[in-house]
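Read left to right, the sequence shown gives residues 9 to 198 (our numbering). Let me begin by presenting the structure, written as structure tokens, before commenting on it.
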Amino acid sequence: MNNAWVVFEDEAGQSMTPPRARTWGRQGCTPVVRVRGRGSGRVSMAGMTCYKPGERSRLIYAIREYRGRKDEPKGFGWQDYRDLIVRAHTQLGGPIVLVWDNLRMHLVARLREFFDANTAWLTVFQLPTYAPDLNPQEGVWSLVKRDIGNLAAADLTQITRAVKRKLKMLQYRPEVIDGCLAGTGLFLDM
Numbered sequence: 009m010n011n012a013w014v015v016f017e018d019e020a021g022q023s024m025t026p027p028r029a030r031t032w033g034r035q036g037c038t039p040v041v042r043v044r045g046r047g048s049g050r051v052s053m054a055g056m057t058c059y060k061p062g063e064r065s066r067l068i069y070a071i072r073e074y075r076g077r078k079d080e081p082k083g084f085g086w087q088d089y090r091d092l093i094v095r096a097h098t099q100l101g102g103p104i105v106l107v108w109d110n111l112r113m114h115l116v117a118r119l120r121e122f123f124d125a126n127t128a129w130l131t132v133f134q135l136p137t138y139a140p141d142l143n144p145q146e147g148v149w150s151l152v153k154r155d156i157g158n159l160a161a162a163d164l165t166q167i168t169r170a171v172k173r174k175l176k177m178l179q180y181r182p183e184v185i186d187g188c189l190a191g192t193g194l195f196l197d198m
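Here you go:
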């Protein structure tokens, strides 16, 4: 597909237990922050890094909180992925070459039907099994998790706010999104 956006999609999650991070402390006095992270929910994130030669790189994302309530979806369903792809198509204003992993939800029949119905503007490629080093979106998740590594959140809303703040900041830093692509060793032909 000529003149198409190359879009890498991936998903990640964060619970109340913060990722391990480094910090400064007095010599011999390692700071340790204890957190209560049991049964308090999860923040699910789906994101797309979008590249096109001659255009500013973009980051498109969706966030969902799961608080463990009855009949509340734990993560993203096929409709959520479909809606994210449609939103990317609308925002980017052109055809999309979608590259994503082999998550079970990505392989459901309804998504395949959606892909078949939209071949005029959408081409889909699956990454090889467990190939995070080929997906620049993994670099974005690494940056987000590094930012919240030292956050001892009191509740799930605080984590969601921190994640949204970091993702919003990254949307305005296309050079960082370009760096995530460079980190994979992949490049776009100009």
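Glycine is no exception: its CB is placed at the ideal position from the N, C-alpha and C atoms. Computed from a predicted model, the values in this text were never measured in an experiment.
Identity of the residue in the options nearest residue i by Cα
| i | options | result |
| --- | --- | --- |
| A96 | G21, L196, A12, A190 | A12 |
| L130 | L164, T98, M53 | T98 |
| A190 | E73, V132, A117, Q145 | Q145 |
| A20 | I156, C37, L106, A54 | A54 |
| R118 | K174, P103, R90, F133 | R90 |
| P39 | I93, A160, T192 | A160 |
| I104 | A128, T165, F122 | A128 |
| I93 | E73, Y74, F123, R75 | F123 |
| M24 | P182, Q166, L106 | Q166 |
| W149 | I185, L106, P81 | I185 |
N- and C-terminal bounds of the alpha helix (DSSP H) containing residue i
| i | result |
| --- | --- |
| R95 | 86-100 |
| Q179 | 164-179 |
| I185 | 182-192 |
| Q134 | No alpha helix (DSSP H) contains Q134, which is instead part of the beta strand (DSSP E) from 130-134. |
| V152 | 144-155 |
| A117 | 117-125 |
Contacting residues, own chain, Cβ-Cβ under 7 Å from residue i (five flanking each side not counted)
| i | result |
| --- | --- |
| C1 | No answer is possible for residue 1: it lies beyond the span of the chain, which begins at 9 and ends at 198. |
| V171 | Q22, V51, M53, I71, V152, I156 |
| D141 | T192 |
Residue environment, residue i, which counts as buried when at least 16 other CB atoms sit within 10 Å
| i | result |
| --- | --- |
| W32 | exposed |
| E17 | buried |
| L157 | In the sequence as presented, Leu is not what sits at residue 157; that position holds Gly. With fewer than 16 other Cβ atoms within 10 Å, it is exposed. |
| K60 | buried |
| L196 | exposed |
| C37 | exposed |
| G147 | buried |
| G76 | exposed |
Host beta strand (DSSP E) of residue i (start-end)
| i | result |
| --- | --- |
| G83 | Segment: none, G83 is in no beta strand (DSSP E) and carries neither H nor E. |
| E19 | 13-23 |
| G52 | One detail in the question is off: residue 52 reads as Ser in this sequence, not Gly. S52 -> beta strand (DSSP E) spans 50-59. |
| R66 | 66-74 |
| M40 | Per the sequence shown, the amino acid found at residue 40 is Val instead of Met. Taken as a continuous stretch (DSSP letters only), V40 belongs to no beta strand (DSSP E), as it is neither H nor E. |
| W108 | 104-108 |
Same chain, Cβ closer than 6 Å to residue i, neighbours up to 5 away in sequence not counted
| i | result |
| --- | --- |
| L175 | Y69 |
Beta carbon proximity, residue i to chain C, threshold 8 Å
| i | result |
| --- | --- |
| T165 | Reference to chain C is not applicable here, since this structure consists of a single protein chain. |
Contacts around residue i, its chain only, beta-carbon distance under 8 Å, and the 5 residues preceding and following it disregarded
| i | result |
| --- | --- |
| A139 | D109 |
contact_flag[the segment 84-93, the segment 109-117] where n(CB pairs < 8 Å) is 3 or more:
Yes: the two stretches touch, three or more of their Cβ pairs being nearer than 8 Å.
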